[in-house]
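Engineer: In our numbering, the protein residues as written are 2 to 1175.
Yeah, the Cβ is synthetic: ideal placement off N, Cα and C, and Gly gets one too.
Here it is in structure tokens:
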């Protein structure tokens, strides 16, 4: 920053005199200049300070004592530091500066110039040279901005009449740090104080100083020149100062306009007087005043025009977005404040053009400025041409990728539709209304506000008789609004999501949507003579809106797929939500039984009503006066589930029963009793039907019995999913059906799948309750037998001819095994409780076979079932893909939860590239989970995956037969290895053990049992090394050397020197290990590797390659703290126990890879290596 400016000479009247204003920052080179200045004549410096800003503090007579800034606080600071103090100091320092300017304007003006230089963050020297000769035609050619490379300084020389200013600053000013962009509250306040200073300065000078043809001429020249600088700090700061200066001049022009108008009216009053009462001297005085004000207004407009042309026209397209945003924000302010000059198409076009800017902040400033203009009816009437020209752009901005811009564009269109009648067409309105279904909630809420204002706030109400009551008028208005909403919903063919529509209308139309009494009265009461009854479609929409509003009031705005600004509901929002829940509970407890009774025959309309009890707050209505209402509600629910068997309806009823059975519910005993009666009735019905239809274990029944059994099974399955119905023996009853199907067949498809689901729910409840309290051994054995029996039945169903049965059996079996695995974690340590069930190997293979057959099939092979015959196109294809993903996820869960061995995940990883679009996310998550479980075993699984693919391809090539469709090519295997290597991420330290295992197993796989006989004799699997090289770039540089040393144990002298074609994979792999430089790969080493003779140091002296035994190999991985390795954390971050020697390896554990020991910290051990056995 520039310190207190010092005027070196008072001879400002002399032409070409020089004034140096230097920075007092001691860390800069300019300190020497300041010290040099201090050594000058003391008398000259004292004279110079008489008119400077510090000397100005000696004239406080114009202000009261309580408004003055204390001299001890001000005398030692510059204008820049005073402005940084805050608004309280600005008024005082401006008054002092004006007094000093009136006394001696040149030093005061130099202080002001220095202030703007300081605000730009300039740590340099300002030299002012007087220039009064206007005859010098070469002066403009001397105005330059250049860099002196020899001294490392930049300088800018420009004309700010009557001075030629030269600013010199060090090159590091281009670092981007200057007050306007610095972070922190201090600098944010400084920006506001800087703008206030400019406005206060002009406001205090508007009556005399600014019209002296000196102050503003110099300031305008200064700001114009610096705003055109190539240095961002100068350009940004001075552009902001210039536009704020123009805004202040606009206020001056407005004051002058008011003065002209007032004096004009006074002149008219004087002229209207009689000639004998008229004072000619007074008229002349008023006329002179008017002329003076008009001249000043014209002069002010000229200065505004100079600033606009000199700064705005050059900077509104600046490369810096902040500068463009400043220009647009201030331009709209000028249009609103001084519309006679600025509100015309000449200036409006700049706003229209910048609405296409690439930066969202610039577009946002344009839209916000236009909102302020269109909200004024008098101003909006003058913008017709602009509206017609840029309306299309404004409409398209509702789709802006920046959410805030889109929201404000929607608000702008709302303002335009209100202020300009025919500005927006019907298509524009439809385009805006579709955003009530937008995923961004603020945008959807804004569109909902527009929908409410346009369609629902003042709907067309039928003419009513004069004697109707106020209640009837309110009912008619509500009915009209609901009709308008249903018409919009039904006629709009965009979406069928009432829940999102209600959420969009909630903020503005909450009073209508929460008027549940009026909404339910439209459904329950009969329409009057003058009213038209709701149609069936309108009733369905009203019911959906009613239930959606109940859900919105109970659970709040967050919806699936819709992002909102707030993530946490505060106490202020929670209180009205609780009150709404209390109101809806009290209301619907009384009304809901009547609604259920009315729509008992229509399952589609009845289902939404059955969801309402899920949102009740039981603790608010626990009084005895609600007991009859609750009993009536339970009766209605029972009638609904007895009459219908649709899955959606049964699910809604079961969830409502679950809510009523909650522990905090005062009506728990009533609800539990009702469910027990239903479960007992359904179990007896099922038992009776099975006795009639099962003959000698075979299922024989007519269509009526089949329908009854299916309906009962659906009800039991749905309610068994929410309540434990095990005591009714449902599992044993359903097992009879499954046993008949597995032995004799003939069971209908739907009954089979429903029986599997019902049995699965029963087994899951048994697993969930097992271990709670005291559990006998006999009961545990019974549970084990039940679990084993169910798994065997599902195993048999995996070979069922119907695809849906196989899918359902697989999903049920997966759920049960995962739940069983979870419970084992709790049971295993308990004494006296046996391990329940272990999946047999044949069951594991059956699960894998089903997945490979069902999931990884082409679209032509995937069908709904053998009976369906549906082709997978359009919706059916998406449904088929969803089912395949569900099965694939279930199989991956079996691996992640330890039900299946991790080695079976090799089949999962094989499909990573081929089916990446359909299952890539599932496979990647499975890989991450297995790596968290056991990273070494996960690495071995990757090796197994690649080796199995490679061996199968090798077998196909050896047979010399056409490749089968299921065999992957060599390039696809290599691509799979590359993609798998990317899953290790950037943290190489965390993955170094796994990667070492992959390379070790790969090297052993290639050289296992190989003995070299000639140069052209290579290992049969040597091409696998090219696949293995895809993992080399993830190794740490020291580890590459260790792996290379391990590779040398398998290679003899002759092998290293061989350059035959059959050994190219080895050369490529060895080069990938030698590519230790950043960004290098194996390809960059192959050409040089084939021409240079490798070092024979530490090379095996055997003339042939021998198979190294595992017992005598010890594998050293260098420490990650090796020098030069930029990818590794510091040693202090990963300190651990010391391992002073190689880890001994027993032959019995030769197939295992121990973990890499922590880094060495002992001084006796080499700090660059830790030893690990391989």
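Might you give, ordered along the chain, the residues of its own chain that have their beta carbon closer than 6 Å to the beta carbon of residue 424, omitting 5 neighbours on each side?
Structural biologist: Here residue 424 corresponds to residue number 423 of the chain shown, with the count starting at 1. So the qualifying residues of the chain are 388 and 417.
Engineer: Pair every Cβ in the region 279–299 with every Cβ in the region 325–337, then say whether three or more of these pairs are closer than 8 Å.
Structural biologist: Taking 8 Å as the limit for Cβ pairs, the verdict is that the region 325–337 does not touch the region 279–299.
Engineer: Based on DSSP bridge pairs, tell me the residues matched to residue 696.
Structural biologist: For the purposes of this step, residue 696 is taken as the residue at position 695 of the chain shown. Bridge partners of residue 696: 699.
Engineer: Using a Cβ-Cβ cutoff of less than 7 Å, which residues in the same chain neighbour residue 348 once the five nearest sequence positions on both sides are dropped?
Structural biologist: Walking along the chain shown from the start, residue 348 turns up at place 347. Correct list, in chain order: 332 and 336.
Engineer: Run through DSSP, which three-state label would residue 1139 get?
Structural biologist: Taking the chain shown and counting its residues from 1, one reaches residue 1139 at position 1138. Bear in mind that a pLDDT of 34 at residue 1139, under 50, signals an unreliable position, so the number given afterwards is only what the model happens to contain. If DSSP states are grouped into helix, strand and coil, residue 1139 belongs with coil.
Engineer: Taking 7 Å as the cut-off, is the beta-carbon of residue 690 closer than that to any non-hydrogen atom of the ligand ZN?
Structural biologist: For the ligand ZN, the structure offers nothing, since it holds no ligand at all.
Engineer: Quick one: any contact between the region 474–482 and the region 394–413, if contact means 3 or more CB pairs under 8 Å?
Structural biologist: Counting Cβ pairs under 8 Å, fewer than three are found: no touch.
Engineer: When the Cα of residue 290 is compared with those of 264, 703 and 976, which residue comes out closest?
Structural biologist: Within the chain shown, residue 290 is the residue found at index 289, counting from 1. Looking at the Cα atoms, 264 is the closest of the given residues.
Engineer: Less than 8 Å separating the beta-carbons of residue 815 and residue 895?
Structural biologist: Counting from 1 along the chain shown, the entry for residue 815 is found at position 814. Counting from 1 along the chain shown, the entry for residue 895 is found at position 894. For residue 815 and residue 895, yes; Cβs fall inside 8 Å.
Engineer: Kindly give me the distance between the Cβ atoms of residue 258 and residue 298, rounded to whole angstroms, as I take these residues to be in contact under 8 Å.
Structural biologist: By one-based count along the chain shown, residue 258 stands at place 257. By one-based count along the chain shown, residue 298 stands at place 297. At roughly 6 Å, the Cβ-Cβ gap stays under 8 Å, so residue 258 and residue 298 are in contact.
Engineer: Determine the direct distance from the alpha carbon of residue 121 to that of residue 237, and round the result to whole angstroms.
Structural biologist: Here residue 237 refers to the residue found at position 236 when the chain shown is read from its first residue. Here residue 121 refers to the residue found at position 120 when the chain shown is read from its first residue. Using only the alpha carbons, I get a separation of about 8 Å.
Engineer: Quick one: using the 10 Å Cβ neighbour count with 16 as the cut-off for buried, is residue 193 buried or exposed?
Structural biologist: On the chain shown, position 192 is the one that residue 193 refers to. Classification for residue 193: exposed.
Engineer: Considering Cα atoms alone, identify which of 502, 856 and 791 is closest to residue 880.
Structural biologist: Your numbering for residue 880 matches position 879 in the chain shown. Selected option, being the one with the closest Cα: 856.
Engineer: Give every residue of the same chain whose Cβ lies closer than 8 Å to the Cβ of residue 607, excluding the five residues on either side of it in the sequence, and list them in chain order.
Structural biologist: The residue given as residue 607 occupies position 606 in the chain shown. Taken in chain order, the residues that qualify are 597, 600, 601, 641, 645 and 650.
Engineer: Who are the Cβ neighbours of residue 605 in its own chain at under 8 Å, not counting the five residues just before and after it?
Structural biologist: Taking the first residue of the chain shown as position 1, residue 605 is located at position 604. Only 541 meet the Cβ criterion.
Engineer: In its own chain, which residues sit with a C-beta less than 7 Å from the C-beta of residue 352, not counting the 5 before and 5 after it?
Structural biologist: As a first step, residue 352 must be located in the chain shown, where it is residue number 351. Once the five neighbours on either side are set aside, the close Cβ partners of residue 352 are 329, 332, 333, 367, 370 and 371.
Engineer: Within a Cβ cutoff of 8 Å, which residues of the same chain sit near residue 723, ignoring the five residues on either side of it in sequence?
Structural biologist: Here residue 723 is taken as the residue at index 722 of the chain shown, counted from 1. Here the set comprises 655, 656, 658 and 659.
Engineer: Using 10 angstroms around the beta-carbon of residue 987, count the other beta-carbons present and answer buried if the total reaches 16, otherwise exposed.
Structural biologist: By 1-based counting over the chain shown, the position of residue 987 is 986. Burial call: exposed.
Engineer: Go ahead and pull the three-state DSSP assignment for residue 1.
Structural biologist: Absent from the model: residue 1. The displayed extent of the chain is 2 to 1175, so no value can be given.
Engineer: Which residues in the same chain have their Cβ closer than 7 Å to the Cβ of residue 538, if we skip the five residues on either side of it in sequence?
Structural biologist: Counting from 1 along the chain shown, the entry for residue 538 is found at position 537. Excluding positions up to five away in sequence, the list reads 491.
Engineer: Using the rule of at least 16 other Cβ atoms within 10 Å of the residue's Cβ for burial, across every protein chain shown, is residue 179 buried or exposed?
Structural biologist: Counting from one through the chain shown, the residue named residue 179 turns up at place 178. Residue 179 should be labelled buried.
Engineer: Identify whether residue 434 lies in helix, strand or coil by the three-state DSSP scheme.
Structural biologist: Position 433 of the chain shown holds residue 434. The answer is helix: DSSP assigns residue 434 an H, G or I state.
Engineer: In the DSSP assignment, the alpha helix (DSSP H) including residue 957 goes from what residue to what residue?
Structural biologist: As a working mapping, residue 957 is identified with position 956 in the chain shown. Residue 957 -> alpha helix (DSSP H) spans 936–960.
Engineer: Where does the unbroken alpha helix (DSSP H) through residue 612 begin, and where does it stop?
Structural biologist: For this step, residue 612 is matched to residue 611 along the chain shown. Here the alpha helix (DSSP H) through residue 612 covers 604–612.
Engineer: Tell me where the alpha helix (DSSP H) around residue 342 begins and ends.
Structural biologist: Working through the chain shown from its first residue, we reach residue 342 at position 341. Residues 340–343.
Engineer: Which one or two residues does DSSP pair with residue 441 in a beta bridge?
Structural biologist: Here residue 441 corresponds to residue number 440 of the chain shown, with the count starting at 1. Paired residue(s): 564.
Engineer: Are the Cβ atoms of residue 578 and residue 549 separated by less than 8 Å?
Structural biologist: Here residue 578 refers to the residue found at position 577 when the chain shown is read from its first residue. Here residue 549 refers to the residue found at position 548 when the chain shown is read from its first residue. No, the pair does not count as a contact, with Cβ atoms beyond the cut-off.
Engineer: Beta-carbon within less than 6 Å of residue 901's beta-carbon, same chain only, minus the 5 sequence neighbours each way: which residues are those?
Structural biologist: For the purposes of this step, residue 901 is identified with residue 900 of the chain shown, where counting begins at 1. Only 845 and 895 meet the Cβ criterion.
Engineer: Taking the alpha-carbon positions, what's the residue 83 to residue 189 distance?
Structural biologist: Against the chain shown, residue 83 aligns to sequence position 82. Against the chain shown, residue 189 aligns to sequence position 188. Taking the straight line joining both Cα atoms gives about 16 Å.
Engineer: Less than 8 Å between the CB atoms is what I'm expecting for residue 560 and residue 634, so what's the real figure, rounded?
Structural biologist: By 1-based counting over the chain shown, the position of residue 560 is 559. By 1-based counting over the chain shown, the position of residue 634 is 633. Contact flag wrong, Cβ pair sits at about 27 Å.
Engineer: Could you tell me the boundaries of the alpha helix (DSSP H) in which residue 660 lies?
Structural biologist: For this step, residue 660 is matched to residue 659 along the chain shown. Per DSSP, residue 660 belongs to the alpha helix (DSSP H) from 648–661.
Engineer: How would you write the range of the alpha helix (DSSP H) that residue 313 sits in, first residue to last?
Structural biologist: Mapped onto the chain shown, residue 313 falls at position 312. No alpha helix (DSSP H) holds residue 313; DSSP gives it neither H nor E.
Engineer: In terms of residue numbering, what span does the alpha helix (DSSP H) encompassing residue 736 cover?
Structural biologist: Along the chain shown, read from residue 1 onward, the residue named residue 736 stands at position 735. Note, residue 736: alpha helix (DSSP H), 731–744.
Engineer: With distances taken Cα to Cα, identify the nearest neighbour of residue 609 among 556, 551, 580 and 584.
Structural biologist: Walking along the chain shown from the start, residue 609 turns up at place 608. When each option's Cα is compared against that of residue 609, the closest is 551.
Engineer: Is the separation between the beta-carbon of residue 221 and that of residue 308 shorter than 8 Å?
Structural biologist: As a first step, residue 221 must be located in the chain shown, where it is residue number 220. As a first step, residue 308 must be located in the chain shown, where it is residue number 307. Result yes, Cβ atoms of residue 221 and residue 308 sit closer than 8 Å.
Engineer: Taking 8 Å as the cut-off, does the region 667–683 touch the region 732–750 (at least 3 CB pairs, one atom from each stretch)?
Structural biologist: No: fewer than three Cβ pairs fall under 8 Å.
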